[in-house]
Amino acid sequence: MYNSREFIDETIQSVFDQTYSNWEMLLVDDCSKDGSFDYIREKYKGESRITVIQNQVNSGAGVSRNNALEISKGRYIAFLDSDDIWEKDKLKVQIEFMQEHSAPISHTSFSFMDEQGEDSRGAVDVSPLVDLPKHLSKTEMGMSTCMVDTKLVGTFRLSEVRARQDFLLWVSLLAKGHSSYGLSRYLTKYRIRKGQISANKLVVVPKTFLLYMRISHIPVPMRFIYFLRYVFNAFAKRSKVKR
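As C-alpha coordinates, then:
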(Lines of atoms letter the chains of each structure in order from A and count residues from 1; the text may use other names and numbers.)
(Lines give C-alpha, C1' and ligand atoms only; values in the text may rest on other atoms or scores of the structure.)
Protein backbone atom coordinates (compact mmCIF):
# COMPACT_ATOMS: atom_id res chain seq x y z
CA MET A 1 0.00 0.00 0.00
CA TYR A 2 1.09 3.57 -0.61
CA ASN A 3 -0.76 6.62 0.74
CA SER A 4 -3.92 4.55 1.05
CA ARG A 5 -5.30 5.61 4.41
CA GLU A 6 -8.46 6.97 2.78
CA PHE A 7 -9.39 3.58 1.32
CA ILE A 8 -7.49 0.89 3.24
CA ASP A 9 -10.16 0.24 5.88
CA GLU A 10 -12.73 -0.58 3.21
CA THR A 11 -10.25 -2.87 1.48
CA ILE A 12 -9.38 -4.72 4.68
CA GLN A 13 -13.03 -4.99 5.67
CA SER A 14 -13.78 -6.72 2.38
CA VAL A 15 -11.35 -9.45 3.46
CA PHE A 16 -12.85 -9.73 6.95
CA ASP A 17 -16.26 -10.12 5.29
CA GLN A 18 -15.17 -13.17 3.30
CA THR A 19 -17.25 -16.32 3.72
CA TYR A 20 -13.94 -18.21 3.55
CA SER A 21 -12.16 -17.56 6.86
CA ASN A 22 -8.89 -19.51 6.64
CA TRP A 23 -6.73 -16.67 5.34
CA GLU A 24 -3.69 -14.63 6.30
CA MET A 25 -3.29 -11.01 5.24
CA LEU A 26 0.17 -9.62 4.52
CA LEU A 27 0.08 -5.83 4.32
CA VAL A 28 3.19 -4.17 2.92
CA ASP A 29 3.55 -0.40 3.22
CA ASP A 30 5.76 1.21 0.58
CA CYS A 31 6.88 4.13 2.77
CA SER A 32 3.57 6.00 2.72
CA LYS A 33 3.60 9.69 3.58
CA ASP A 34 0.02 9.86 4.88
CA GLY A 35 0.46 7.82 8.06
CA SER A 36 -0.98 4.62 6.58
CA PHE A 37 1.65 2.36 8.14
CA ASP A 38 1.33 3.59 11.74
CA TYR A 39 -2.45 3.73 11.44
CA ILE A 40 -2.80 0.14 10.20
CA ARG A 41 -0.16 -1.27 12.52
CA GLU A 42 -1.90 0.24 15.55
CA LYS A 43 -5.47 -0.54 14.52
CA TYR A 44 -4.88 -4.21 13.71
CA LYS A 45 -2.12 -5.07 16.19
CA GLY A 46 -4.38 -7.56 17.98
CA GLU A 47 -5.47 -9.38 14.81
CA SER A 48 -3.45 -12.60 14.49
CA ARG A 49 -4.33 -13.08 10.81
CA ILE A 50 -2.78 -9.76 9.77
CA THR A 51 0.94 -9.04 9.42
CA VAL A 52 2.01 -5.47 8.66
CA ILE A 53 5.51 -4.73 7.34
CA GLN A 54 7.17 -1.73 5.71
CA ASN A 55 9.74 -1.49 2.92
CA GLN A 56 13.04 0.12 3.85
CA VAL A 57 12.67 2.59 0.99
CA ASN A 58 9.90 3.39 -1.48
CA SER A 59 10.35 0.61 -4.04
CA GLY A 60 7.12 0.02 -5.97
CA ALA A 61 4.51 -2.71 -6.10
CA GLY A 62 6.83 -5.44 -7.38
CA VAL A 63 9.18 -5.23 -4.39
CA SER A 64 6.24 -4.91 -1.99
CA ARG A 65 4.57 -8.05 -3.30
CA ASN A 66 7.85 -9.96 -3.27
CA ASN A 67 8.39 -9.02 0.37
CA ALA A 68 4.94 -10.41 1.15
CA LEU A 69 5.64 -13.59 -0.82
CA GLU A 70 8.81 -14.14 1.21
CA ILE A 71 6.79 -14.59 4.40
CA SER A 72 3.59 -16.09 3.03
CA LYS A 73 2.53 -19.49 4.37
CA GLY A 74 -0.56 -20.40 2.38
CA ARG A 75 -0.96 -22.61 -0.66
CA TYR A 76 -3.11 -20.12 -2.55
CA ILE A 77 -1.78 -16.61 -3.16
CA ALA A 78 -4.32 -13.87 -3.88
CA PHE A 79 -3.48 -10.23 -4.56
CA LEU A 80 -5.48 -7.19 -3.48
CA ASP A 81 -4.44 -3.60 -4.13
CA SER A 82 -5.01 -1.26 -1.20
CA ASP A 83 -7.91 0.63 -2.76
CA ASP A 84 -9.82 -2.27 -4.36
CA ILE A 85 -12.40 -4.51 -2.69
CA TRP A 86 -13.50 -8.13 -2.93
CA GLU A 87 -17.07 -9.39 -2.96
CA LYS A 88 -17.76 -11.43 0.18
CA ASP A 89 -17.63 -14.87 -1.48
CA LYS A 90 -14.60 -14.17 -3.67
CA LEU A 91 -12.10 -16.44 -1.93
CA LYS A 92 -14.52 -19.33 -1.36
CA VAL A 93 -15.85 -19.37 -4.91
CA GLN A 94 -12.42 -18.94 -6.51
CA ILE A 95 -10.69 -21.65 -4.47
CA GLU A 96 -13.51 -24.10 -5.20
CA PHE A 97 -13.28 -23.16 -8.88
CA MET A 98 -9.52 -23.79 -8.94
CA GLN A 99 -9.87 -27.12 -7.17
CA GLU A 100 -12.60 -28.22 -9.57
CA HIS A 101 -10.48 -27.41 -12.63
CA SER A 102 -7.02 -28.20 -11.17
CA ALA A 103 -6.14 -24.65 -12.17
CA PRO A 104 -2.60 -23.37 -11.48
CA ILE A 105 -3.76 -19.75 -11.92
CA SER A 106 -7.18 -18.14 -12.04
CA HIS A 107 -8.69 -14.70 -12.56
CA THR A 108 -12.22 -13.35 -12.40
CA SER A 109 -14.41 -10.78 -14.10
CA PHE A 110 -14.39 -7.39 -12.38
CA SER A 111 -16.26 -4.11 -12.27
CA PHE A 112 -15.20 -0.54 -11.56
CA MET A 113 -16.00 2.04 -8.91
CA ASP A 114 -15.04 5.67 -8.47
CA GLU A 115 -13.06 7.26 -5.64
CA GLN A 116 -16.22 7.51 -3.53
CA GLY A 117 -16.94 3.80 -3.92
CA GLU A 118 -19.88 4.33 -6.25
CA ASP A 119 -20.31 1.87 -9.11
CA SER A 120 -18.70 3.19 -12.27
CA ARG A 121 -19.91 2.30 -15.71
CA GLY A 122 -18.14 -0.60 -17.29
CA ALA A 123 -16.71 -3.99 -16.44
CA VAL A 124 -14.27 -6.56 -17.76
CA ASP A 125 -15.57 -10.01 -18.68
CA VAL A 126 -12.98 -12.77 -18.82
CA SER A 127 -12.23 -15.62 -21.21
CA PRO A 128 -12.53 -19.24 -20.02
CA LEU A 129 -8.82 -19.82 -20.51
CA VAL A 130 -5.85 -17.49 -21.00
CA ASP A 131 -2.55 -18.73 -22.41
CA LEU A 132 0.44 -16.58 -23.34
CA PRO A 133 -0.77 -15.47 -26.82
CA LYS A 134 -4.17 -14.47 -25.44
CA HIS A 135 -2.57 -12.61 -22.52
CA LEU A 136 -0.33 -10.66 -24.87
CA SER A 137 -3.32 -9.74 -27.02
CA LYS A 138 -5.78 -8.86 -24.28
CA THR A 139 -4.68 -8.12 -20.73
CA GLU A 140 -7.84 -9.17 -18.92
CA MET A 141 -6.11 -10.54 -15.81
CA GLY A 142 -6.78 -7.87 -13.21
CA MET A 143 -4.22 -8.27 -10.42
CA SER A 144 -6.73 -7.96 -7.60
CA THR A 145 -8.76 -10.80 -9.14
CA CYS A 146 -5.90 -13.26 -9.57
CA MET A 147 -5.03 -16.31 -7.51
CA VAL A 148 -2.06 -18.69 -7.82
CA ASP A 149 -1.83 -22.26 -6.55
CA THR A 150 1.78 -22.56 -5.39
CA LYS A 151 1.46 -26.34 -5.20
CA LEU A 152 1.07 -26.40 -8.99
CA VAL A 153 3.11 -23.33 -9.97
CA GLY A 154 5.87 -23.44 -7.37
CA THR A 155 7.74 -20.44 -6.00
CA PHE A 156 7.45 -17.26 -8.05
CA ARG A 157 8.49 -13.63 -7.79
CA LEU A 158 7.57 -10.39 -9.58
CA SER A 159 9.77 -8.08 -11.60
CA GLU A 160 10.85 -5.02 -9.63
CA VAL A 161 10.08 -2.55 -12.42
CA ARG A 162 7.82 0.32 -11.36
CA ALA A 163 5.04 -0.24 -13.88
CA ARG A 164 3.41 -3.36 -15.39
CA GLN A 165 5.12 -5.81 -13.05
CA ASP A 166 1.81 -7.71 -12.95
CA PHE A 167 1.83 -8.05 -16.75
CA LEU A 168 5.39 -9.40 -16.64
CA LEU A 169 4.51 -11.87 -13.88
CA TRP A 170 1.81 -13.48 -15.99
CA VAL A 171 4.09 -13.48 -19.05
CA SER A 172 6.71 -15.39 -17.06
CA LEU A 173 4.26 -17.96 -15.65
CA LEU A 174 2.29 -18.46 -18.87
CA ALA A 175 5.55 -18.83 -20.82
CA LYS A 176 6.26 -21.89 -18.66
CA GLY A 177 3.18 -23.57 -20.07
CA HIS A 178 0.67 -22.64 -17.40
CA SER A 179 -2.75 -21.21 -18.28
CA SER A 180 -5.02 -19.00 -16.22
CA TYR A 181 -8.62 -20.14 -15.84
CA GLY A 182 -11.22 -17.39 -16.09
CA LEU A 183 -14.09 -17.32 -13.59
CA SER A 184 -16.95 -15.41 -15.14
CA ARG A 185 -18.29 -13.71 -12.01
CA TYR A 186 -17.81 -10.11 -10.86
CA LEU A 187 -15.92 -10.82 -7.63
CA THR A 188 -13.69 -7.74 -7.46
CA LYS A 189 -14.28 -4.01 -7.69
CA TYR A 190 -11.47 -1.83 -9.03
CA ARG A 191 -11.29 1.72 -7.77
CA ILE A 192 -10.41 4.29 -10.43
CA ARG A 193 -8.39 7.12 -8.87
CA LYS A 194 -7.17 10.31 -10.47
CA GLY A 195 -3.55 10.04 -11.55
CA GLN A 196 -3.08 6.33 -10.93
CA ILE A 197 -0.58 4.69 -13.27
CA SER A 198 -2.86 1.91 -14.53
CA ALA A 199 -5.62 4.37 -15.49
CA ASN A 200 -3.38 6.65 -17.54
CA LYS A 201 -3.12 4.91 -20.91
CA LEU A 202 -0.95 7.68 -22.35
CA VAL A 203 1.70 6.76 -19.78
CA VAL A 204 1.23 3.00 -19.75
CA VAL A 205 1.12 2.29 -23.50
CA PRO A 206 4.68 3.50 -24.37
CA LYS A 207 6.11 1.63 -21.37
CA THR A 208 4.18 -1.48 -22.34
CA PHE A 209 5.59 -1.28 -25.89
CA LEU A 210 9.12 -1.44 -24.46
CA LEU A 211 8.14 -4.48 -22.39
CA TYR A 212 6.79 -6.27 -25.46
CA MET A 213 10.04 -5.62 -27.29
CA ARG A 214 11.92 -7.37 -24.46
CA ILE A 215 9.99 -10.66 -24.69
CA SER A 216 12.91 -12.49 -26.28
CA HIS A 217 11.31 -15.90 -26.88
CA ILE A 218 8.73 -14.44 -29.29
CA PRO A 219 9.75 -13.38 -32.85
CA VAL A 220 9.90 -9.61 -33.32
CA PRO A 221 7.06 -9.41 -35.90
CA MET A 222 4.75 -11.26 -33.49
CA ARG A 223 5.69 -8.85 -30.69
CA PHE A 224 4.38 -5.98 -32.82
CA ILE A 225 1.20 -7.87 -33.68
CA TYR A 226 0.50 -8.75 -30.05
CA PHE A 227 1.20 -5.18 -28.99
CA LEU A 228 -1.23 -3.74 -31.54
CA ARG A 229 -3.89 -6.16 -30.32
CA TYR A 230 -3.14 -5.09 -26.75
CA VAL A 231 -3.57 -1.40 -27.61
CA PHE A 232 -6.90 -2.02 -29.33
CA ASN A 233 -8.25 -4.11 -26.46
CA ALA A 234 -6.89 -1.77 -23.78
CA PHE A 235 -8.92 1.15 -25.07
CA ALA A 236 -11.99 -1.04 -25.54
CA LYS A 237 -11.59 -2.63 -22.12
CA ARG A 238 -14.53 -1.14 -20.31
CA SER A 239 -17.40 -2.87 -21.98
CA LYS A 240 -20.99 -2.27 -20.98
CA VAL A 241 -21.82 -4.21 -17.84
CA LYS A 242 -23.77 -7.39 -18.56
CA ARG A 243 -25.29 -8.90 -15.45
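Offset between the sequence shown (1-based) and my numbering: plus 12. Each residue gets a CB set at the ideal place from its N, CA and C atoms; glycine is no exception. Fair warning: this is a prediction, and the values are worked out from it, not measured in the lab.
Give the secondary structure of residue i by DSSP, where H, G and I count as helix, E and B as strand, and everything else as coil.
i, result
"SER76", "helix"
"THR63", "strand"
"HIS190", "coil"
"ILE89", "strand"
"ASP282", "This structure cannot settle anything about residue 282, because the visible part of the chain is limited to 13 through 255."
"LEU148", "helix"
"LYS219", "helix"
"HIS229", "coil"
"PHE109", "helix"
"ARG205", "coil"
"TYR51", "helix"
"TYR198", "strand"
"THR31", "coil"
Assuming residue i and residue j form a contact by the criterion Cβ under 8 Å, report the distance between their Cβ atoms to the nearest whole angstrom.
i, j, result
"ASP42", "ARG17", "With 8 Å as the limit, ASP42 and ARG17 do not qualify as a contact, their Cβ atoms being about 13 Å apart."
"THR200", "SER156", "5 Å"
"ASP29", "LYS100", "5 Å"
"SER44", "ASN15", "5 Å"
"LEU103", "TRP182", "20 Å between Cβ atoms; not a contact."
Beta-carbon within less than 6 Å of residue i's beta-carbon, same chain only, minus the 5 sequence neighbours each way: which residues are those?
i, result
"SER26", "ILE97, TRP98"
"VAL40", "ILE65, SER76, ASN79, ALA80"
"LYS150", "ASN245"
"SER171", "GLY74, GLN177, LEU180"
"THR205", "In the sequence on display, residue 205 carries Arg and not Thr. Excluding positions up to five away in sequence, the list reads GLU127."
Please work out which residues of its chain come closer than 7 Å, Cβ to Cβ, to residue i, disregarding the five sequence neighbours upstream and downstream, and give them in chain order.
i, result
"ILE209", "Summary for ILE209: the model assigns pLDDT 46, below 50, so the residue's position carries little reliability, and this model does not support an answer."
Whole angstroms are fine: how far does the CA of residue j sit from the CA of residue i?
i, j, result
"ILE62", "PRO231", "45 Å"
"LEU148", "THR31", "34 Å"
"PRO297", "GLN68", "This structure does not reach residue 297, given that the chain is present from 13 up to 255, and the question cannot be answered."
"VAL160", "GLN128", "30 Å"
"SER191", "MET125", "28 Å"
"SER84", "PHE19", "24 Å"
"ALA73", "GLU112", "31 Å"
"ILE107", "GLY86", "12 Å"
"VAL165", "MET234", "26 Å"
"PRO218", "GLU59", "42 Å"
"SER184", "ASP143", "11 Å"
"ASP52", "GLU22", "In the sequence as displayed, the identity of residue 52 is Ile instead of Asp. Their Cα atoms are separated by approximately 12 Å."
"PHE247", "PHE91", "24 Å"
"MET13", "SER94", "5 Å"
"LYS57", "GLU82", "21 Å"
"HIS229", "THR167", "22 Å"
Would you mind reading off the limits of the alpha helix (DSSP H) that contains residue i?
i, result
"ALA246", "232-247"
"VAL173", "No alpha helix (DSSP H) holds VAL173; DSSP gives it neither H nor E."
Report all residues from its chain with a CB closer than 8 Å to the CB of residue i; omit the five preceding and five following residues, and keep chain order.
i, result
"TYR242", "LEU148, SER149, LYS150, THR151, THR220, TYR224"
"GLY194", "SER118, HIS119, THR120, SER121, VAL138, SER139, PRO140, LEU141, VAL142, GLU152"
"PHE109", "ALA115, SER118, TYR193, LEU195"
What residue range does the beta strand (DSSP E) around residue i cover?
i, result
"SER132", "131-136"
"ASP161", "159-161"
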